[in-house]
Amino acid sequence: MPVELYALSSNFKTVLGVLRSDKNLLAGALMLLVFVLVAVFANLIATYHPLQTGLTRGLHPPSRGFLMGTDQIGRDVFSWVIYGTRTALVVGVTATAISFVIALAVGLVSGYFGGKADLVLMRIVDILLSIPQFIFMIVMVMLYGSTFTNIVLIIGLLSWPTLARIVRAEVLSLREREFVLAARALGASSRDLILKEILPNALPPVIPAAALTASNAILAEAALSFLGLGDPRVPSWGTMLWIARQAIFAGGWWTLVFPSIFIVLVILSINIIADGLNNVLNPRERT
Amino acid sequence: MNDSRRENGDPVLSIRDLVVSYRVGRRRIVAVDGVSIDVYRNECVAIVGESGSGKSTLSLAIMRLLPPSAAIERGVVLFKGRNLLELSEKELQKIRGREISMVFQDPTSYLNPVYKIGDQLVETILTHNSDMSGNEARARAIELLKSVGIPSPERALTYYPHQLSGGMNQRVSIALALATNPSILIADEPTSALDLTIQAQILRLLKDLMRRLSLSIILITHDLGLVAYLADRVYVMYSGKVMEEDAVGSMFSNPKHPYTQLLLNSVRIIYGLDTSARVERTEGHLTDTKGCRFRHRCPYALSRCESQEPPLVPLNSGKVVRCWLYG
Numbered sequence: 225m226p227v228e229l230y231a232l233s234s235n236f237k238t239v240l241g242v243l244r245s246d247k248n249l250l251a252g253a254l255m256l257l258v259f260v261l262v263a264v265f266a267n268l269i270a271t272y273h274p275l276q277t278g279l280t281r282g283l284h285p286p287s288r289g290f291l292m293g294t295d296q297i298g299r300d301v302f303s304w305v306i307y308g309t310r311t312a313l314v315v316g317v318t319a320t321a322i323s324f325v326i327a328l329a330v331g332l333v334s335g336y337f338g339g340k341a342d343l344v345l346m347r348i349v350d351i352l353l354s355i356p357q358f359i360f361m362i363v364m365v366m367l368y369g370s371t372f373t374n375i376v377l378i379i380g381l382l383s384w385p386t387l388a389r390i391v392r393a394e395v396l397s398l399r400e401r402e403f404v405l406a407a408r409a410l411g412a413s414s415r416d417l418i419l420k421e422i423l424p425n426a427l428p429p430v431i432p433a434a435a436l437t438a439s440n441a442i443l444a445e446a447a448l449s450f451l452g453l454g455d456p457r458v459p460s461w462g463t464m465l466w467i468a469r470q471a472i473f474a475g476g477w478w479t480l481v482f483p484s485i486f487i488v489l490v491i492l493s494i495n496i497i498a499d500g501l502n503n504v505l506n507p508r509e510r511t
Numbered sequence: 156m157n158d159s160r161r162e163n164g165d166p167v168l169s170i171r172d173l174v175v176s177y178r179v180g181r182r183r184i185v186a187v188d189g190v191s192i193d194v195y196r197n198e199c200v201a202i203v204g205e206s207g208s209g210k211s212t213l214s215l216a217i218m219r220l221l222p223p224s225a226a227i228e229r230g231v232v233l234f235k236g237r238n239l240l241e242l243s244e245k246e247l248q249k250i251r252g253r254e255i256s257m258v259f260q261d262p263t264s265y266l267n268p269v270y271k272i273g274d275q276l277v278e279t280i281l282t283h284n285s286d287m288s289g290n291e292a293r294a295r296a297i298e299l300l301k302s303v304g305i306p307s308p309e310r311a312l313t314y315y316p317h318q319l320s321g322g323m324n325q326r327v328s329i330a331l332a333l334a335t336n337p338s339i340l341i342a343d344e345p346t347s348a349l350d351l352t353i354q355a356q357i358l359r360l361l362k363d364l365m366r367r368l369s370l371s372i373i374l375i376t377h378d379l380g381l382v383a384y385l386a387d388r389v390y391v392m393y394s395g396k397v398m399e400e401d402a403v404g405s406m407f408s409n410p411k412h413p414y415t416q417l418l419l420n421s422v423r424i425i426y427g428l429d430t431s432a433r434v435e436r437t438e439g440h441l442t443d444t445k446g447c448r449f450r451h452r453c454p455y456a457l458s459r460c461e462s463q464e465p466p467l468v469p470l471n472s473g474k475v476v477r478c479w480l481y482g
């Protein structure tokens with residue numbers, strides 16, 4: 225029973241209670257909070273404009289002036305990585321929001337109404353899942369151009385199938401539950417049944433999965449940028465790694481190490497949160 | 156007692172020749188077979204029968220809440236001059252909860268776990284009274300909880316179902332069902348999931364509500380104690396058919412149909428009033444279409460019972476029996 229879910233949604237005090245109930249969740253949330261603060265105050269923290277080049281200071285090693293050194297064309301790696309946090313979180317949140325909404329819509333319709341709608345929607349899911357996702361993304365970005373908006377949209381529009389399956393599975397079992405029948409007996413419409421009776425009960429297993437979608441989205445954007453498909457006007461960790469590919473041979477290890485550390489830490493914190501949320505929201509699955 | 160119907164004019168709800176079947180694989184299993192039932196105003200009608208007699212299917216069919224595997228093949232459910240079986244889903248939604256409501260067996264699983272009691276009540280009230288304000292709905296919710304005997308209604312509004320006991324949740328379910336002053340309440344085993352003392356409280360509540368709100372109750376149960384306490388008239392169902400219909404008093408004092416006699420006997424055996432007898436085992440005979448359905452278990456079975464199904468025969472004093480012994 226999703227006893228903790230409404231605790232999550234009800235108010236801030238209980239959110240703290242839920243966080244405290246699971247140590248991993250709290251640790252992950254604190255880590256992520258640091259990154260959120262970095263992203264929000266990136267303009268205050270960064271010492272340079274991330275895109276500002278300086279040909280006289282190319283591949284400067286870490287020093288007091290350039291905390292994490294500079295790349296070949298003199299861009300400050302520290303400032304780049306700080307602004308990159310903002311990029312990564314925007315990608316994570318936006319792409320997840322897009323796929324979450326699509327997944328809910330598809331899963332609810334498919335699971336509740338069944339029949340032909342279910343058949344068609346689930347075959348679309350099957351098809352999307354049978355195409356290697358990352359390659360599909362590469363092709364789409366190449367087709368539609370490497371603008372930041374395109375990248376976020378493409379990642380969001382391609383990440384929903386797994387989530388939709390989870391939602392559908394939940395709805396299939398919730399649909400048969402007694403309280404749904406009781407609500408029907410009290411005159412609830414299909415719309416009420418789906419949105420008010422079934423949806424809130426379907427969320428607990430979906431929320432941790434959505435958190436994982438966020439970390440996957442961040443990785444996908446970094447990977448696209450690493451392949452040179454990133455938006456050059458937007459500082460992204462992946463783009464810095466793309467630059468590091470050459471810098472590393474000139475001894476510029478810092479261009480590789482610092483963005484990598486940030487990627488690992490953000491992904492780690494989100495995954496810990498997903499795991500913690502799963503423990504709290506779905507206590508029966510605890511191992 | 157028997158005149159609870161005549162006093163109250165025309166029936167509020169009239170079921171005529173209702174046939175409901177389930178599809179199980181390729182087989183068609185008829186769960187309700189030509190049942191006709193009348194419910195009058197301010198009357199409690201009990202539908203009694205063992206598991207598989209079709210009583211729950213009947214209760215779900217009245218408001219068309221049956222699962223997709225079930226089909227209503229034939230019949231009429233007449234309520235306020237309208238055949239509920241012919242209404243659209245939209246029209247039905249206006250009748251469900253507002254005119255005819257339902258209370259189920261296990262109250263805790265019939266309440267949505269993610270909403271507070273208050274939110275569920277307010278939601279239901281607003282569904283049927285779109286012109287009501289939030290505060291009015293809340294006031295009505297408190298009033299409802301008070302009327303079903305919940306001690307501190309204001310506090311109860313803030314609880315989730317899992318924080319309340321089964322008995323309290325059943326009171327909440329009843330409050331939900333009565334939120335919009337329905338004229339008929341269908342209660343499907345309303346006390347089976349509760350312990351004995353709570354059962355008694357809920358029964359008293361139902362009886363009291365019936366009187367105060369001039370409510371009609373359709374009581375679906377296998378518990379004859381419940382029937383004796385609450386019901387005015389009884390329909391005994393067996394294998395999808397009505398076997399006997401009578402006022403509650405004469406049903407208990409003078410059961411006619413062998414199955415009714417067996418039911419009443421089994422209660423005596425269970426409560427130790429008759430230690431010499433054994434409770435009859437049930438055996439399924441779902442596929443029978445010919446003859447009396449009860450003949451395999453009937454101590455008085457005649458050769459005629461094998462080949463011909465007995466019709467419902469009215470005896471004197473309003474009793475109706477389906478048995479060749481009285482044909």
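Residue numbers (the numbering used here), protein chains in the order written: chain A, 225 to 511; chain B, 156 to 482.
The C-beta atom is built at its ideal place from N, Cα and C for all residues, glycine as well.
Note that this is a predicted model, so its numbers are computed, not measured.
Quiz item: Taking the alpha-carbon positions, what's the GLY462 of chain A to ALA447 of chain A distance?
Solution: Here residue 462 of chain A is taken as the residue at index 238 of the first sequence, counted from 1. Here residue 447 of chain A is taken as the residue at index 223 of the first sequence, counted from 1. Those two C-alpha atoms are separated by around 6 Å.
Self-check item: Inside the stretch 274-354 of chain B only - alpha helix (DSSP H) runs reaching at least 4 residues
Solution: Note on the stretch 274-354 of chain B: whole alpha helix (DSSP H) runs with a minimum of 4 residues are 289-302, 308-311, 321-332, in chain order.
Practice problem: Kindly give me the distance between the Cβ atoms of LEU280 of chain A and SER303 of chain A, rounded to whole angstroms, as I take these residues to be in contact under 8 Å. | Solution: On the first sequence, position 56 is the one that residue 280 of chain A refers to. On the first sequence, position 79 is the one that residue 303 of chain A refers to. For the sequence presented, residue 280 of chain A should be read as Thr rather than Leu. Taking a contact as a CB-CB distance under 8 Å, the pair THR280 of chain A and SER303 of chain A does not count as one, their CB atoms being some 17 Å apart.
Quiz item: Taking only beta-carbon atoms, is VAL269 of chain B less than 7 Å away from chain A?
Solution: Against the second sequence, residue 269 of chain B aligns to sequence position 114. Chain A contact via Cβ: present.
Practice problem: Decide if the stretch 378-394 of chain A is in contact with the stretch 432-442 of chain A; the criterion is three or more beta carbon pairs, one per stretch, under 8 Å apart. | Solution: Touching, yes.
Quiz item: So which of A:VAL262, A:ALA407, A:MET364 has the shortest CA-CA distance to GLY252 of chain B?
Solution: By one-based count along the second sequence, residue 252 of chain B stands at place 97. Among A:VAL262, A:ALA407, A:MET364, the Cα nearest to that of GLY252 of chain B is on A:ALA407.
Exercise. State the DSSP-derived secondary structure class of LEU427 of chain A, mapped to helix, strand or coil.
Key: Within the first sequence, numbered from 1, the residue matching residue 427 of chain A stands at position 203. DSSP places LEU427 of chain A within a helical segment (H, G or I) once states are collapsed to three.
Quiz item: Going by Cα to Cα distance, which pick from B:SER302, B:VAL258, B:PRO465 is closest to PHE403 of chain A?
Solution: Numbered from 1 along the first sequence, position 179 holds the residue referred to as residue 403 of chain A. In terms of Cα proximity to PHE403 of chain A, the closest of B:SER302, B:VAL258, B:PRO465 is B:VAL258.
Quiz item: For the putative contact between PHE459 of chain A and LEU275 of chain A, defined by C-beta atoms under 8 Å, what is the C-beta separation to the nearest angstrom?
Solution: As a working mapping, residue 459 of chain A is identified with position 235 in the first sequence. As a working mapping, residue 275 of chain A is identified with position 51 in the first sequence. Phe is not the amino acid found at residue 459 of chain A; the sequence shown has Pro there. That belief holds up - the Cβ atoms of PRO459 of chain A and LEU275 of chain A are roughly 7 Å apart, short of 8 Å.
Quiz item: How would you label GLU246 of chain B, buried or exposed, when you count the other beta carbons within 10 angstroms and need 16 or more for buried?
Solution: Here residue 246 of chain B refers to the residue found at position 91 of the second sequence. The residue in question, GLU246 of chain B, is exposed, as its Cβ has fewer than 16 Cβ neighbours within 10 Å.
Exercise. May I ask you to list, following chain order, the residues of the stretch 394-426 of chain A that have a beta carbon less than 9 Å from some beta carbon of chain B?
Key: Taking a C-beta cut-off of 9 Å against chain B, the contacting residues of the stretch 394-426 of chain A are GLU400, ARG401, GLU402, PHE403, VAL404, LEU405, ALA406, ALA407, ARG408, ALA409, LEU410, GLY411, ALA412, SER413, SER414, ASP416, LYS420, GLU421, PRO424, ASN425, listed in chain order.
Quiz item: Are at least three pairs of beta-carbons, each pair with one atom in the stretch 496-509 of chain A and one in the stretch 247-257 of chain A, less than 8 Å apart?
Solution: In short, these stretches touch, since the Cβ pair count reaches three.
Self-check item: ASN157 of chain B, DSSP secondary structure in three states
Solution: Here residue 157 of chain B refers to the residue found at position 2 when the second sequence is read from its first residue. Any reading at ASN157 of chain B must be qualified, since the residue scores a pLDDT of 47, below 50, and its modelled position is unreliable; no value is offered.
Self-check item: Cα-Cα separation, ALA471 of chain A to THR311 of chain A
Solution: Here residue 471 of chain A corresponds to residue number 247 of the first sequence, with the count starting at 1. Here residue 311 of chain A corresponds to residue number 87 of the first sequence, with the count starting at 1. For ALA471 of chain A and THR311 of chain A, the distance between alpha carbons rounds to 22 Å.
Quiz prompt | Buried/exposed call for SER458 of chain B, threshold 16 Cβ in 10 Å | solution = Here residue 458 of chain B corresponds to residue number 303 of the second sequence, with the count starting at 1. The residue is exposed, with fewer than 16 neighbouring Cβ atoms inside 10 Å.
Quiz item: Just how far apart, CA to CA, sit PHE358 of chain A and SER414 of chain A?
Solution: Here residue 358 of chain A is taken as the residue at index 134 of the first sequence, counted from 1. Here residue 414 of chain A is taken as the residue at index 190 of the first sequence, counted from 1. Rounded to whole angstroms, the separation of the alpha carbons of SER414 of chain A and PHE358 of chain A is 37 Å.
Quiz item: Would you say MET398 of chain B and HIS412 of chain B are within 7 Å of each other, going by their C-beta atoms?
Solution: Numbered from 1 along the second sequence, position 243 holds the residue referred to as residue 398 of chain B. Numbered from 1 along the second sequence, position 257 holds the residue referred to as residue 412 of chain B. Cβ distance < 7 Å, so MET398 of chain B and HIS412 of chain B count as in contact.
Quiz item: For ALA426 of chain A, which residues from the same chain have a beta carbon less than 7 Å from its beta carbon, with the 5 sequence-adjacent residues on both sides left out?
Solution: In the first sequence, the residue the question calls residue 426 of chain A occupies position 202. The residues are VAL391, GLU394, VAL395, LEU398.
Exercise. Could you round the C-beta distance between ILE373 of chain B and VAL200 of chain B to whole angstroms and report it? I think they count as a contact, below 8 Å.
Key: Against the second sequence, residue 373 of chain B aligns to sequence position 218. Against the second sequence, residue 200 of chain B aligns to sequence position 45. Yes, ILE373 of chain B and VAL200 of chain B are in contact; Cβ-Cβ is about 5 Å, under 8 Å.
Quiz item: Which word fits ASP172 of chain B, buried or exposed, when buried means at least 16 other C-beta atoms lie within 10 angstroms of its C-beta?
Solution: Here residue 172 of chain B corresponds to residue number 17 of the second sequence, with the count starting at 1. Around the beta carbon of ASP172 of chain B, a 10 Å sphere encloses fewer than 16 other beta carbons of the protein chains shown; the residue is thus reported as exposed.
Exercise. Answer yes or no: does any C-beta atom of chain A fall closer than 7 Å to that of LEU266 of chain B?
Key: Residue numbering aside, residue 266 of chain B sits at position 111 when the second sequence is read from its first letter. True, the Cβ-Cβ gap to chain A drops below 7 Å.
Practice problem: Can you pull the chain A residues whose beta carbon is under 8 Å from the beta carbon of SER421 of chain B, in chain order? | Solution: Numbered from its first residue, the second sequence carries residue 421 of chain B at position 266. Chain A residues near SER421 of chain B: none, gap ~28 Å exceeds 8 Å.
Quiz item: Apart from the five residues just before and just after GLY446 of chain B, which ones in its own chain have a Cβ nearer than 8 Å to its Cβ?
Solution: To locate residue 446 of chain B, count along the second sequence from 1; it is residue 291. Sequence-distant partners of GLY446 of chain B (beyond 5 residues in either direction) whose C-beta falls short of 8 Å from its own C-beta, in its chain, are CYS460, GLU461, SER462, GLN463, GLU464.
Quiz prompt | Proximal residues of chain A, C-beta to C-beta of THR346 of chain B below 8 Å | solution = Reading the second sequence from its first residue, position 191 is the one you call residue 346 of chain B. Think of a sphere of 8 Å around the beta carbon of THR346 of chain B: no beta carbon from chain A falls inside it, the nearest being about 16 Å out.
Self-check item: Assigned exposure category for THR376 of chain B - 16 Cβ within 10 Å defines buried
Solution: What you label residue 376 of chain B is simply residue 221 of the second sequence in a count that begins at 1. Classification of THR376 of chain B: buried, given that the 10 Å Cβ count is 16 or more.
Quiz item: Given 8 Å as the limit, is there contact between the stretch 288-296 of chain B and the stretch 262-278 of chain B, that is, 3 or more CB pairs closer than that?
Solution: Yes, they touch.
Practice problem: Look at the Cβ atom of VAL330 of chain A, then the Cβ atom of LEU345 of chain A, and state whether they are nearer than 7 Å. | Solution: For the purposes of this step, residue 330 of chain A is taken as residue 106 along the first sequence, with counting starting at 1. For the purposes of this step, residue 345 of chain A is taken as residue 121 along the first sequence, with counting starting at 1. A contact, by the Cβ cut-off of 7 Å.
Quiz prompt | C-alpha gap between ARG457 of chain A and GLY289 of chain A, whole angstroms | solution = Counting from one through the first sequence, the residue named residue 457 of chain A turns up at place 233. Counting from one through the first sequence, the residue named residue 289 of chain A turns up at place 65. Roughly 24 Å between the two C-alpha positions.
Practice problem: Report buried or exposed for PHE449 of chain B, applying the criterion of at least 16 other Cβ atoms within 10 angstroms of its Cβ. | Solution: The count along the second sequence starts at 1 and reaches residue 449 of chain B at position 294. PHE449 of chain B should be labelled buried.
Quiz item: From this set, B:VAL179, B:TYR195, B:VAL175, which residue's C-alpha is nearest ASN386 of chain B's C-alpha?
Solution: Locating residue 386 of chain B in the second sequence gives position 231, counting from the first residue. In the sequence on display, residue 386 of chain B carries Ala and not Asn. ALA386 of chain B has its Cα closest to that of B:TYR195, out of B:VAL179, B:TYR195, B:VAL175.
Exercise. To the nearest angstrom, report how far apart ALA330 of chain B and SER484 of chain A are at their CA atoms.
Key: The sequence position of residue 330 of chain B within the second sequence is 175, counting from 1. The sequence position of residue 484 of chain A within the first sequence is 260, counting from 1. When rounded, the separation of the alpha-carbon atoms in ALA330 of chain B and SER484 of chain A is 60 Å.
Exercise. Could you round the C-beta distance between ILE418 of chain A and VAL490 of chain A to whole angstroms and report it? I think they count as a contact, below 8 Å.
Key: Along the first sequence, read from residue 1 onward, the residue named residue 418 of chain A stands at position 194. Along the first sequence, read from residue 1 onward, the residue named residue 490 of chain A stands at position 266. That belief does not hold up - the Cβ atoms of ILE418 of chain A and VAL490 of chain A are roughly 35 Å apart, past 8 Å.
Quiz item: Looking at TRP478 of chain A and PRO203 of chain A, is the spacing between their C-beta atoms short of 7 Å?
Solution: The structure shown has nothing for residue 203 of chain A, since chain A only spans 225 to 511.
Quiz prompt | Span of the beta strand (DSSP E), counted from its first residue to its last, around GLY189 of chain B | solution = Numbered from its first residue, the second sequence carries residue 189 of chain B at position 34. Per DSSP, the continuous beta strand (DSSP E) segment holding GLY189 of chain B begins and ends at 182-194.
Quiz prompt | Same chain only: Cβ atoms within 7 Å of PHE360 of chain A, ignoring 5 sequence neighbours per side | solution = Taking the first residue of the first sequence as position 1, residue 360 of chain A is located at position 136. Excluding positions up to five away in sequence, the list reads LEU382.
Quiz item: Counting along the chain, where does the alpha helix (DSSP H) carrying CYS453 of chain B start and finish?
Solution: Position 298 of the second sequence, counted from the start, is the residue given in the question as residue 453 of chain B. Here CYS453 of chain B belongs to no alpha helix (DSSP H), and DSSP marks it neither H nor E.
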